Structure formats: structure tokens, C-alpha cells
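Numbering (full-length UniProt numbering) for the sequence shown: 1 to 240.
Report on the following structure.
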Amino acid sequence: MTQPSDQDPPNLAAGAPPRCSGLRAAIVATLAIGFVGMASGFVVFLSQLRGAEIQPGRNADGIVVLTGGSSRVSDAIELLAAGYGRRLLISGVHPTNGANDISRSLPDSQQLLSCCVDLDRSAINTRSNAAEARRWAHERGFHSLIVVTSNYHMPRAIVEMSHAMPDIELIPFAVVGDKWRDDPWWTSGATFRLLLSEYAKYIAAEARVRLAGFGAELMPDGEPATELVARRKPATALAN
């Protein structure tokens, strides 16, 4: 039997694993911890999503609805009609659309649209929604806003709007779509992908806001890369 010579590397002579095995184990452990952390965060994110629409507990000075999901605008107008706010801002309306386009989708709301509704056509994403809502609220001296958006979008909307206007009280009204009511989210691949995408955007928004708190403002003039937006749909489509 061949005996190891004095020139053999100690680790090979003793039958030890290659030196890279320790690094590989560290990488695997780090990835596993990261996966568990992201999965746990996703569970916490899901726990924030309401499964039913709950009327606001109190009135506010104004109401802001962020376009982009089914029945958001109609629900916001119902809140306005019920007296939950004095005025309504519809943020994210397509530049080519006006109040008449929305009124065709909501024919019973023409009087409210003509007297108490403002349209924001400049916002193209959640971050600019927050900036326009801040400008609108400050111009009117509002100190409280009801925020209307879809339940899956609400956590990120509140993060962005709280950061943009910490001096204004925000009261969430989460819109729950028919698909969410009819089928559990885990039974629909499309809904699951939507939630994963929204969770990634929520994490990006949280990270940017927290870094801004330490004086490290990222992308001060735009939205994070996960929120790059293509063309918006017309407001008439969004109101359906």
C-alpha cells in the first residue's frame, strides 16, 4: 500500500474535502436563509391584504383613488357620494381622457364629477401618484385622505404616500376584486404571479424609503426599476 509522502498536501493526505467546499456550504446557507426570509416576508405581505371591503371608520378631508384596477374609480365615487370626503382626486388618468369619458362609464355620477372631482393626468406610477396627491392635498389644505386602491396594491401605496406626505393622515380603503372574492389566490397562477410581482415592488419601495431615511435617496426623480410602466389604459377602461 502506498504511503503518503512528505510532499503530499496535508488535506489530500488526510482525505479532507476540497477547500472550496466550505465556501460552497456558506453560499448554500446564505441562499437558504435568504429564501426563508423572502418567503416569510411574503406571508407577512399577504396578511396585510384584506379579503373584504370595509367602510372607512371616519370621514376625511379628501379622497384619492389610484387608477389601474377594476372598480377602483366607481368605489371612490361611492365614498364621495356617501360624504366620506369633500373632494375626490382621480390620479393616473390617461392624458387623452376627461371627465366626460369617465361619466360615460359611470352615468349616475355626472353631478359629482362636475362639482367635486379633480383629474390628475401626470402620474404614471405609484410614486408619482403619491407626489400628485401631496400637491393636491396641500393646495386645498387637506390634513386627511382616504386612499382607494386594490387590496394587493394598498401596502405599497401606503408606503409611497406616507413617505411623500408624512404630515397627512391616510385612511386606506382596499378594493377587493371579484376574482379575489370568487377564487383563493393560490388556485390561480395569474393571481399568484401578480402577488409575487407586487411583493417585489413593495420590497423595493420599502428599501428605498428606509434608505431615504438615512439620507440615501435613490432615484429621486423616478420610480424604482421594478415599477417601470408601459402605456396606461384609458380612464374609461380603468373605471369599469
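Cβ atoms here follow ideal geometry from the backbone N, Cα and C, with glycine treated the same way.
Keep in mind the model is a prediction, meaning the values are calculated, not measured.
Legend entry - the stretch 118-134 in contact with the stretch 34-52 per 3-pair CB rule at 8 Å: Two segments are said to touch when three or more pairs of C-beta atoms, one from each, lie closer than 8 Å; by this definition the stretch 118-134 does not touch the stretch 34-52.
Legend entry - Burial state of W186 (16 or more Cβ within 10 Å): Looking at its Cβ environment, which holds fewer than 16 other Cβ atoms inside 10 Å, W186 is exposed.
Inset, instruction - Identify the continuous beta strand (DSSP E) that holds S122 and give its terminal residues. - result: In the DSSP annotation of this structure, S122 is not part of any beta strand (DSSP E), being labelled neither H nor E.
Inset, instruction - Can you say whether N240 is buried or exposed, counting buried as having 16 or more other CB atoms within 10 angstroms of its CB? - result: Confidence in N240 is poor, its pLDDT being 31 and thus under 50, which makes the residue's placement unreliable; the coordinate value appears in the next sentence. Note on N240: under 16 other CB atoms within 10 angstroms of its CB, so exposed under the neighbour-count rule.
Legend entry - Residue of V176, P172, M165 and R156 minimising C-alpha distance to Y202: When each option's Cα is compared against that of Y202, the closest is R156.
Inset, instruction - Give me the Cβ distance between L66 and W136, rounded to the nearest whole Å; I'm assuming they're in contact under 8 Å. - result: The Cβ separation is near 13 Å, so there is no contact.
Inset, instruction - Give me the Cα-Cα distance between S40 and S47, rounded to the nearest whole angstrom. - result: C-alpha separation (whole angstroms): 11 Å.
Inset, instruction - Leaving aside the five residues before and after E160 along the sequence, list all residues of the same chain whose C-beta is less than 8 Å from its C-beta, in chain order. - result: For E160, same chain residues with a beta-carbon under 8 Å away, outside a window of 5 residues either side, are T126, R127, N129, A130, A205 and V209 in chain order.
Inset, instruction - Taking the CB atoms as reference points, tell me whether V64 and L145 lie closer together than 8 Å. - result: Yes, Cβ-Cβ distance for V64 and L145 is below 8 Å.
Inset, instruction - Identify whether L88 lies in helix, strand or coil by the three-state DSSP scheme. - result: Residue state, collapsed to three classes: strand.
Inset, instruction - Give the single residue among R87, G83, P184 and G189 whose Cα lies nearest to the Cα of C116. - result: By alpha-carbon distance to C116, the top candidate from R87, G83, P184 and G189 is R87.
Legend entry - As assigned by DSSP and simplified to three states, the class of E169: Three-state DSSP puts E169 in a strand.
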